[in-house]
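Protein chains: 2
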Amino acid sequence: MKWQDLAQQPCSVARTLAVIGDRWTLMILRDLFLGANRFEHFQQSLGIPRTTLSERLRLLEREGVVRKLPYQEKPTRYKYRLTAKGVDLYPVLITLVQWGDKYYAGEAGPPVVHHHKRCGHDFSAVLTCSECNGAISPFETEPRSGADYPGLLEQRANIKA
Amino acid sequence: MKWQDLAQQPCSVARTLAVIGDRWTLMILRDLFLGANRFEHFQQSLGIPRTTLSERLRLLEREGVVRKLPYQEKPTRYKYRLTAKGVDLYPVLITLVQWGDKYYAGEAGPPVVHHHKRCGHDFSAVLTCSECNGAISPFETEPRSGADYPGLLEQRANIKA
Numbered sequence: 019m020k021w022q023d024l025a026q027q028p029c030s031v032a033r034t035l036a037v038i039g040d041r042w043t044l045m046i047l048r049d050l051f052l053g054a055n056r057f058e059h060f061q062q063s064l065g066i067p068r069t070t071l072s073e074r075l076r077l078l079e080r081e082g083v084v085r086k087l088p089y090q091e092k093p094t095r096y097k098y099r100l101t102a103k104g105v106d107l108y109p110v111l112i113t114l115v116q117w118g119d120k121y122y123a124g125e126a127g128p129p130v131v132h133h134h135k136r137c138g139h140d141f142s143a144v145l146t147c148s149e150c151n152g153a154i155s156p157f158e159t160e161p162r163s164g165a166d167y168p169g170l171l172e173q174r175a176n177i178k179a
Numbered sequence: 019m020k021w022q023d024l025a026q027q028p029c030s031v032a033r034t035l036a037v038i039g040d041r042w043t044l045m046i047l048r049d050l051f052l053g054a055n056r057f058e059h060f061q062q063s064l065g066i067p068r069t070t071l072s073e074r075l076r077l078l079e080r081e082g083v084v085r086k087l088p089y090q091e092k093p094t095r096y097k098y099r100l101t102a103k104g105v106d107l108y109p110v111l112i113t114l115v116q117w118g119d120k121y122y123a124g125e126a127g128p129p130v131v132h133h134h135k136r137c138g139h140d141f142s143a144v145l146t147c148s149e150c151n152g153a154i155s156p157f158e159t160e161p162r163s164g165a166d167y168p169g170l171l172e173q174r175a176n177i178k179a
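Rendered as structure tokens:
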């Protein structure tokens with residue numbers, strides 16, 4: 019199966035990964051969240067070939083994750099800004115960071131800590147339930163087929179049997 | 019810069035993506051969280067070439083994200099199970115799913131909903147602060163250089179200037 023086909027699957031992970039599931043793209047997003055916003059920033063920070071970088075930024079722009087804004091005329095130069103849709107990726111990046119901090123930081127500890135300006139403390143992010151506010155554990159949750167996809171999970175389970 | 023080099027950077031995102039930042043790997047993890055556990059499951063579900071699948075599973079095993087367990091003898095057959103380290107990726111997968119649900123589900127709504135068995139409701143996951151329990155917004159947080167990495171972010175900002 020090609021990635022193109024996988025993106026057509028009724029699966030929000032597959033569709034999401036068709037947009038941001040490239041490592042370079044996720045590194046560009048990391049840089050955007052750390053404040054970088056120009057082509058040259060990303061290039062220097064990541065050492066990524068110009069054509070690859072252009073391509074990834076174009077995809078992010080086309081999908082409405084970043085917006086390109088002119089910041090200089092003659093010659094026109096652009097900077098990139100996360101849209102609301104892009105900012106909504108914050109939980110993905112933060113949870114990726116935390117997993118890396120836990121398992122790959124080594125003795126020196128996390129390279130970057132995250133400060134909650136509102137309460138004045140460095141924090142780790144806790145996943146909680148929108149309904150009961152309790153912390154979410156995968157052992158207490160269960161995936162179910164969506165309303166318009168009756169039997170989707172059962173069907174998949176059958177394929178696998 | 020090669021991925022191998024990027025993984026050496028003091029960045030938990032880079033290190034994490036060196037392990038799970040491949041789209042197929044993330045799809046395998048999705049399947050594991052949905053209950054799949056055999057080589058053939060993944061192959062049928064993803065339509066991924068056997069060699070690619072073997073390679074991805076070997077990496078996950080080597081990094082301690084999954085464990086390979088025999089479930090049959092003569093011939094010996096194996097199933098894969100998420101380790102504690104693997105289960106710790108749940109927040110990454112859930113936040114990926116939610117972003118996809120929000121922006122790519124279309125009119126039919128989310129293909130899969132997530133049920134919190136503990137409280138009895140379908141939920142969405144909310145990112146909260148470990149210190150004040152408030153919901154986390156990227157506009158109220160700030161990255162800072164870790165204790166053993168003085169000036170890391172300032173240094174990066176200089177490179178980018």
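Chains as they are written, first to last, in our numbering: chain A, 19 to 179; chain B, 19 to 179. Yeah, the Cβ is synthetic: ideal placement off N, Cα and C, and Gly gets one too.
Residue i versus residue j - alpha carbon distance
i                : j                : result
Ser182 (chain A) : Tyr89 (chain B)  : This structure leaves residue 182 (chain A) out entirely; chain A is present only between 19 and 179.
Arg95 (chain B)  : Ala32 (chain B)  : 34 Å
Ala179 (chain A) : His59 (chain A)  : With a pLDDT of 47 at Ala179 (chain A), under the threshold of 50, the predicted position of this residue should be treated as unreliable, and no value is reported.
Gly138 (chain A) : Gln116 (chain B) : 28 Å
Ser63 (chain A)  : Arg174 (chain B) : 7 Å
Ser30 (chain B)  : Lys92 (chain B)  : 42 Å
Leu44 (chain B)  : Arg48 (chain A)  : 18 Å
Asn55 (chain B)  : Thr70 (chain B)  : 17 Å
Bridge partners - residue i, DSSP secondary structure assignment
i                : result
Thr43 (chain A)  : DSSP output for Thr43 (chain A) lists no bridge partner at all.
Asp49 (chain B)  : Looking at the DSSP assignment, Asp49 (chain B) forms no beta bridge with any residue, so it has no partner.
Ser163 (chain A) : B:Val130
Tyr242 (chain B) : Here chain B comprises residues numbered 19 to 179, so residue 242 (chain B) is not present and cannot be evaluated.
Ala153 (chain A) : A:Thr146
Arg74 (chain A)  : Looking at the DSSP assignment, Arg74 (chain A) forms no beta bridge with any residue, so it has no partner.
His139 (chain A) : A:His134
Val56 (chain A)  : Here residue 56 (chain A) is Arg; the residue named in the question, Val, does not match the sequence. Bridge partners of Arg56 (chain A): A:Lys97.
Under 8 Å by beta carbon: chain C residues contacting residue i
i               : result
Leu52 (chain B) : In summary, chain C is missing from the structure at hand, where the protein chains are A and B.
Neighbour list for residue i in chain A, Cβ cutoff strictly below 7 Å
i                : result
Phe57 (chain B)  : The contacting residues do not exist; Phe57 (chain B) stays about 11 Å from chain A at best.
Lys92 (chain B)  : By Cβ distance, chain A contributes nothing, its closest Cβ being about 22 Å from Lys92 (chain B), past 7 Å.
Val105 (chain B) : Pro156
Glu149 (chain B) : His134, Cys137, His139 and Phe141
Pick from the options that is closest to residue i, judged by C-alpha positions
i                : options                                 : result
Phe156 (chain A) : A:Ser163, A:Gly164 and A:Cys147         : Before going on, a small fix: residue 156 (chain A) reads as Pro here, not Phe. The candidate whose alpha carbon is nearest that of Pro156 (chain A) is A:Cys147.
Gly169 (chain A) : B:Glu160, B:Arg136 and B:Pro129         : B:Pro129
Val83 (chain B)  : A:Arg68, A:Glu91 and A:Tyr122           : A:Tyr122
Asp166 (chain A) : B:His139, B:Ser163 and B:Glu125         : B:Glu125
His132 (chain B) : A:His133, A:Val110 and A:Arg162         : A:Arg162
Cys150 (chain B) : A:Arg99, A:Gly39, A:Ile66 and A:Val144  : A:Val144
Ala36 (chain A)  : A:Ile154, A:Arg68 and A:Leu78           : A:Leu78
Phe57 (chain B)  : B:Thr159, B:Asp40, B:Gly164 and B:Arg85 : B:Arg85
Partner residues on chain A for residue i, Cβ-Cβ distance less than 8 Å
i                : result
Leu111 (chain B) : Val31
Lys135 (chain B) : Glu158, Thr159 and Glu160
Arg95 (chain B)  : Per Cβ cutoff of 8 Å: no residues; Arg95 (chain B) is ~14 Å from chain A at best.
Listed by chain order, chain A residues near residue i by CB distance under 9 Å
i               : result
Glu73 (chain B) : Neighbours of Glu73 (chain B) on chain A: none; closest Cβ ~16 Å, over 9 Å.
Where residue i meets chain B, residues with beta-carbon distance less than 7 Å
i                : result
Tyr121 (chain A) : Lys103
Pro16 (chain A)  : Nothing about residue 16 (chain A) can be read from this structure; chain A reaches only from 19 to 179.
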